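Chemist: Going by this note's numbering, the sequence shown opens with residue 10, and the numbers climb by one from there. Glycine included, each C-beta is placed from N, C-alpha and C at the ideal position. Here the structure is a predicted model, which means the values were calculated and not measured.
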Amino acid sequence: MTEAEDLASVTEENAVPEENVPEENAAPEENAAPQENAAPEENAAPEENAAPEENAPEENADGEKPKKPGLIKRIKASGFFGPGTSAVFILFGLSVLVYILSRFISAFAEFWTRYPAQGIRFLLAKATGWIPFSLAEAVLLCVPFAAVGYIVCSAVSTRRDGSTKNYNRWLRPVVCLILAVGITFFMGFGPAYNRTTLAENLGLESVPVSGQELYDTASAVVEELEPILGDIVFDPDGASVMPYGYDELVEKVNAAYEKYAAGADYVSHFYSRPKPIALSEPMTYTHIAGVYTFMTGESNINTNYPDFLNPYTMAHEMSHQRGIAREDEANFAAFLVCRESDDVYVRYCAYANLLNYLTASLRSADKELYNDFIRGRMPSQVQGEFVAYSRFFDKYRESVASKVTGAVNDTYLKSQNQKAGSKSYGLVVDLAVAYYKNACSK
Ligand SMILES: [Zn+2]
Numbered sequence: 010m011t012e013a014e015d016l017a018s019v020t021e022e023n024a025v026p027e028e029n030v031p032e033e034n035a036a037p038e039e040n041a042a043p044q045e046n047a048a049p050e051e052n053a054a055p056e057e058n059a060a061p062e063e064n065a066p067e068e069n070a071d072g073e074k075p076k077k078p079g080l081i082k083r084i085k086a087s088g089f090f091g092p093g094t095s096a097v098f099i100l101f102g103l104s105v106l107v108y109i110l111s112r113f114i115s116a117f118a119e120f121w122t123r124y125p126a127q128g129i130r131f132l133l134a135k136a137t138g139w140i141p142f143s144l145a146e147a148v149l150l151c152v153p154f155a156a157v158g159y160i161v162c163s164a165v166s167t168r169r170d171g172s173t174k175n176y177n178r179w180l181r182p183v184v185c186l187i188l189a190v191g192i193t194f195f196m197g198f199g200p201a202y203n204r205t206t207l208a209e210n211l212g213l214e215s216v217p218v219s220g221q222e223l224y225d226t227a228s229a230v231v232e233e234l235e236p237i238l239g240d241i242v243f244d245p246d247g248a249s250v251m252p253y254g255y256d257e258l259v260e261k262v263n264a265a266y267e268k269y270a271a272g273a274d275y276v277s278h279f280y281s282r283p284k285p286i287a288l289s290e291p292m293t294y295t296h297i298a299g300v301y302t303f304m305t306g307e308s309n310i311n312t313n314y315p316d317f318l319n320p321y322t323m324a325h326e327m328s329h330q331r332g333i334a335r336e337d338e339a340n341f342a343a344f345l346v347c348r349e350s351d352d353v354y355v356r357y358c359a360y361a362n363l364l365n366y367l368t369a370s371l372r373s374a375d376k377e378l379y380n381d382f383i384r385g386r387m388p389s390q391v392q393g394e395f396v397a398y399s400r401f402f403d404k405y406r407e408s409v410a411s412k413v414t415g416a417v418n419d420t421y422l423k424s425q426n427q428k429a430g431s432k433s434y435g436l437v438v439d440l441a442v443a444y445y446k447n448a449c450s451k
């Protein structure tokens, strides 16, 4: 997911920039499991599986205690496992194996992410792509009602018929649903956290960066940005205005992604329509600007954020959808994609978003250099954009929801071997510095 940063970082009075990055990256646990995973009713246990314990005599004719049936027999007798349920369990076991292998062997993770997992993500994206709204959002909103309804119905049913068979009939779909979520993660998305790094795939040397390097990189970005600034329209508050609607943006970012992927062997493009989130405004309190939901294969965009964030967020979520899982890498891929665009506004967004990260990092690394940059190098239009964003963000800045989602996201990222957790978004500056240094040396 993508976390919206506080662009207030460019204003001198705002001290801490990293925390303000927008968190479009929704925690994956929230992603509702696909409905097709409900266990089929026909998996009911065969008749001979009636529980034997109840009918068993205490002792046989010879006065010996009867032997307890073996584990397999008892599992069969429970009526829990039919062919469908067994298939889900086997698939889940295989998916865990794939994930474990990917944690220990990055070459395997790279292969799996590029090919089999790409197929899974593609199929999921196509399966839900025709739905005009975010399926993940709809399911998430329905989950509390569905859960209460299911609990009530199952309680009534099992009170009427307390047999093991009936109990399992209600339990089985829930277990299968949970396992199905696990399967889509372990096979479709999880291994991507362990693939070869983007820096390696781009042939970059990744080393800690100095304040001067941040300054130089930000200056190089400004040099590329300045010639197109005259083509960008800004409103009286200072915010840039996207000169077309959401659907046109989807086409432009897809076109840019196709162009970018054509020159990169580590990512493949397929057409997809990122979904606007219906409850974008209230969602802004979580600081989430977008989220890729791996179980539905959808990229979801919070459209309440100012225009200049939308193209970048879209490209970020589409990067997750195409197997770039790490947050700093999805951020840098979003920059590269948007920079490839034929559309001047999408290109502007690439530079403006990267400048936000670079200046925030520069301010932490070297306050004096940061002030020099803001006074001498930062284009006034971009500074105005960041000030306008800061004003927009004031309303959402201090929210309980953002603290909760921030903590969940941080824990999730750390569980996926991303040691910097939520701070990994900002590590995009290391990639940017290495990229521009590499470009200069050529
Ligand atoms: Zn993300």
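Rounded to whole angstroms, what is the Cα-Cα separation between Arg331 and Arg348?
Modeler: Distance between the alpha carbons of Arg331 and Arg348: 18 Å.
Chemist: Using the Cα positions of Cys358 and Pro217, report the straight-line distance between them to the nearest angstrom.
Modeler: Those two C-alpha atoms are separated by around 26 Å.
Chemist: For Asn418, which of helix, strand or coil comes out of DSSP?
Modeler: In this structure, Asn418 counts as helix in the three-state DSSP scheme.
Chemist: Output the residue ranges of the alpha helix (DSSP H) runs that lie fully inside the segment 98-134 and measure 4 residues or longer, sorted by chain position.
Modeler: Runs found: 115-123.
Chemist: For ligand 1, any of its heavy atoms closer than 7 Å to the Cβ of Ala339?
Modeler: Answer for Ala339: yes, Cβ within range of ligand 1.
Chemist: Out of curiosity, what's the CA-to-CA distance linking Arg335 and Phe303?
Modeler: Near 14 Å, if we compare the C-alpha coordinates of Phe303 and Arg335.
Chemist: Assuming Thr305 and Ala145 make a contact with CB atoms under 8 Å, what is their CB distance in whole Å?
Modeler: Contact flag correct, Cβ pair sits at about 5 Å.
Chemist: Helix, strand or coil for Asn2 per DSSP?
Modeler: Outside the shown range of the chain, which is 10 to 451, sits residue 2, and nothing can be said about it.
Chemist: Please confirm whether any heavy atom of ligand 1 lies closer than 7 Å to the CB of Glu336.
Modeler: Glu336 Cβ: within cutoff of ligand 1.
Chemist: Gly299 lies in the alpha helix (DSSP H); which residues open and close that run?
Modeler: Where Gly299 is concerned, there is no enclosing alpha helix (DSSP H), although the beta strand (DSSP E) it sits in stretches over 297-302.
Chemist: Under the rule that 16 or more other beta-carbon atoms within 10 Å means buried, what is Leu367, buried or exposed?
Modeler: Burial call: buried.
Chemist: Using a Cβ-Cβ cut-off of 8 Å (strictly less than) and excluding sequence neighbours within five positions of Gln127, which residues of its own chain qualify?
Modeler: Same-chain partners within the cutoff: Ser277, Arg331, Gly332.
Chemist: Work out the CA separation of Met387 and Ala448 for me, nearest whole Å.
Modeler: Roughly 21 Å separates the two Cα atoms.
Chemist: Which of the three DSSP states, helix, strand or coil, is assigned to Ser281?
Modeler: Coil.
Chemist: Taking 7 Å as the cut-off, is the beta-carbon of His329 closer than that to any non-hydrogen atom of ligand 1?
Modeler: Yes.
Chemist: Would you mind sorting Pro252 into buried or exposed? The rule is 16 or more other CB atoms within 10 Å of its CB.
Modeler: Exposed.
Chemist: Please identify the residue among Asp403, Ser215, Ser350 whose C-alpha is closest to the C-alpha of Lys446.
Modeler: Measuring from the Cα of Lys446, the nearest candidate turns out to be Ser215.
Chemist: Since I believe Glu326 is in contact with Val300 (beta carbons under 8 Å), could you give me their beta-carbon distance rounded to a whole number of angstroms?
Modeler: Contact flag correct, Cβ pair sits at about 7 Å.
Chemist: Considering only their Cβ atoms, is the gap separating Tyr224 from Phe341 smaller than 8 Å?
Modeler: Their beta carbons are not under 8 Å apart, which means Phe341 does not touch Tyr224 by this criterion.
Chemist: Are there any heavy atoms of ligand 1 lying less than 7 Å away from the beta-carbon of His325, as far as the coordinates show?
Modeler: Yes, ligand 1 has a heavy atom inside 7 Å of this Cβ.
Chemist: I'd like the list of long-range same chain contacts for Ser289, defined as Cβ closer than 7 Å, with 5 residues on each side in sequence excluded.
Modeler: Asn311, Thr312, Asn313, listed in sequence order.
Chemist: Going by alpha carbons, who is nearest to Leu8 out of Val152, Thr193, Asp274?
Modeler: In the structure as shown, the chain starts at 10 and stops at 451, and residue 8 therefore has no counterpart that could be examined.
Chemist: When you compare the CB positions of Asp352 and Val250, do they come within less than 8 Å of one another, or not?
Modeler: Contact flag unset, no.
Chemist: Identify every residue that forms a DSSP beta bridge with Phe243.
Modeler: Phe243 pairs with Ser249.
Chemist: Would you tell me roughly how many angstroms separate the C-alpha atoms of Tyr255 and Val105, rounded to the nearest one?
Modeler: Spanning the two alpha carbons is a distance of roughly 38 Å.
Chemist: Please list, in chain order, all residues of the same chain as Ser433 whose beta carbon is under 8 Å from its beta carbon, the five residues on each side excluded.
Modeler: Once the five neighbours on either side are set aside, the close Cβ partners of Ser433 are Arg335, Glu336, Asp337, Leu422, Gln427.
Chemist: For Ser433, does the three-state DSSP call read helix, strand or coil?
Modeler: Correct three-state label for Ser433: helix.
Chemist: Under the three-state reduction of DSSP, which class applies to Val148: helix, strand or coil?
Modeler: DSSP places Val148 in helix when its eight states are reduced to three.
Chemist: What is the DSSP secondary structure of Gln427, reduced to helix, strand or coil?
Modeler: In the structure shown, Gln427 sits in coil (DSSP, three-state: anything other than H, G, I, E or B).
Chemist: Please classify Asn380 as buried or exposed, where buried requires at least 16 other C-beta atoms within 10 Å of its C-beta.
Modeler: Under this definition Asn380 is an exposed residue.
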